[in-house]
Every structure is written in C-alpha cells, then in structure tokens.
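A.B. asks:
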Amino acid sequence: MKIAIANDHGGYELKCRLLPFLQDEEHVSVIDFGCHSTDIVRYPYYAAKVCNAILSGEADRGILICSTGIGMSIAANKYKGIRAALCDSPYQGQMTSRHNKSNILCLGGRCIGDMMAMEIIRQWLSFQYEGGRHDISLGLIDDIEGENLTGEHWDCFPQEM
Ligand code: RB5
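Going by the numbering used here, the sequence shown opens with residue 10, and the numbers climb by one from there.
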C-alpha cells in the first residue's frame with residue numbers, strides 16, 4: 010500500500026518520528042510530500058498534495074499532520090472523494106476504517122504522543138471497510154459532495170514549494 014504523508018510546521022516533528030515506523034511496516038511504502046522543517050508554512054497546500062496523490066491514484070491512502078490535525082482535516086474534506094478522519098484514539102482509528110472508509114488519517118502533532126500516533130495508524134491500517142449498512146451513509150455523503158463540490162483540481166501551489 011502506498012501512503013502519501015504531509016505535514017505543516019506543527020506536524021513536522023511527529024512526522025519525522027513516524028517515518029521510520031511506517032517504513033518498517035510490511036506492505037507499506039511512503040511518499041513524503043513535506044514540509045521538511047519547522048519553518049512556518051500553510052497547511053492547505055500540503056493537504057492538497059496528499060488529496061491529489063490519492064485522487065490521481067499515485068497513493069492509496071494518506072496521513073496529514075498539523076498541530077491539532079483540525080486544519081488539515083477541514084482542508085482535505087473539501088476534496089470530492091476524500092474522507093479525512095481526525096483521530097486521537099486507536100478506537101477511532103479502527104472505527105473510521107471500518108465504518109467511514111476513510112482514505113486520509115489526520116493527526117495532531119502537538120496533541121498526541123508518538124506511541125499513541127503509532128497505535129492509531131496501526132489500527133487504521135489493520136481494519137477494512139465493512140460495507141453493508143455503512144454504504145448508505147457513504148452514499149449520502151456522495152450525494153452531498155455531488156451537490157456542493159465541483160471536483161475541479163485546485164492548482165494553486167506556490168513556487169517555493
Ligand atoms: C499552525 O500554527 C496551526 O494552526 C496548524 O498546525 C493547525 O493545527 C491548524 O489547524
């Protein structure tokens with residue numbers, strides 16, 4: 010499975026500590042879209058990189074990290090076909106795979122510790138979407154997207170990235 014990962018300055022340190030763990034996971038390869046320091050950047054650009062990677066098929070799933078995980082989840086969920094889940098417990102990590110078919114996991118780099126982040130990721134990766142009655146809710150979300158989102162590509166990356 011190809012996992013696209015990105016972060017802003019608030020998520021950089023947790024991302025650095027998670028990369029070795031992800032690289033050790035079996036059947037996982039990581040595409041790191043930055044940013045690569047604690048210099049201040051704008052998280053929507055990084056959310057866009059991971060969303061585009063998933064929507065184009067370059068990656069299967071994504072992980073986005075900012076200070077709280079909130080900004081990244083808000084930005085990512087503006088993309089048609091993206092289901093980004095902000096999780097701060099392993100149970101949420103598991104349930105969002107099983108019930109929401111989330112294709113992006115958002116984490117708060119200044120909210121959770123390394124071990125917690127790893128366990129959330131482990132649970133998120135270990136469980137499959139269950140389908141069945143959950144298809145009804147996902148279908149309704151598709152309906153909302155169909156009415157409210159165009160699905161047009163946002164091509165607004167600044168040069169310095
Ligand atoms: C950056 O200071 C912070 O706002 C960002 O990392 C994120 O937590 C936003 O939701």
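Quick reminder that beta carbons are idealized off the backbone N, C-alpha and C, glycines included.
#1: Return yes when at least one heavy atom of the ligand RB5 lies under 7 angstroms from the C-beta of T77, else no.
#2: Looking at the unbroken beta strand (DSSP E) that takes in V50, where does it start and where does it end?
#3: Three or more C-beta pairs under 8 angstroms: does that hold for the region 29–39 against the region 75–95?
#4: Restricting to Cα atoms, I'd like to know which of D48, N157, M10 is closest to D33.
#5: I'd like the span of the alpha helix (DSSP H) that includes A84, first residue to last.
#6: Determine, using beta-carbon pairs with one atom in the region 112–124 and one in the region 142–152, whether at least three such pairs fall under 8 angstroms.
#7: In terms of alpha-carbon separation, which member of W163, M104, E161 lies closest to H143?
#8: Among E161, G141, A57, M127, which one has its Cα closest to the Cα of R107?
#9: Check this for me: beta carbons of G71 and N112, under 8 angstroms apart or not?
#10: When you compare only the Cα positions, how much space is there between A85 and C60?
#11: Identify every residue that forms a DSSP beta bridge with D41.
#12: If we call anything under 8 angstroms between Cβ atoms a contact, is M127 one with L27?
#13: Just to confirm, are R131 and K110 a CB contact at a threshold of 8 angstroms?
#14: In the DSSP assignment, the alpha helix (DSSP H) including R26 goes from what residue to what residue?
#15: Determine the direct distance from the alpha carbon of G90 to that of E156, and round the result to whole angstroms.
C.D. replies: With the given structure in hand:
#1: Checking every heavy atom of the ligand RB5 against the Cβ of T77, one is found closer than 7 angstroms.
#2: Here V50 belongs to no beta strand (DSSP E), and DSSP marks it neither H nor E.
#3: no
#4: M10
#5: 79–85
#6: Under the 8 angstroms Cβ criterion, the region 112–124 does not count as touching the region 142–152, having fewer than three qualifying pairs.
#7: M104
#8: The candidate whose alpha carbon is nearest that of R107 is G141.
#9: yes
#10: Those two C-alpha atoms are separated by around 6 angstroms.
#11: I14
#12: yes
#13: It is not a contact, given that the beta carbons lie outside the stated cut-off.
#14: 21–33
#15: 13 angstroms
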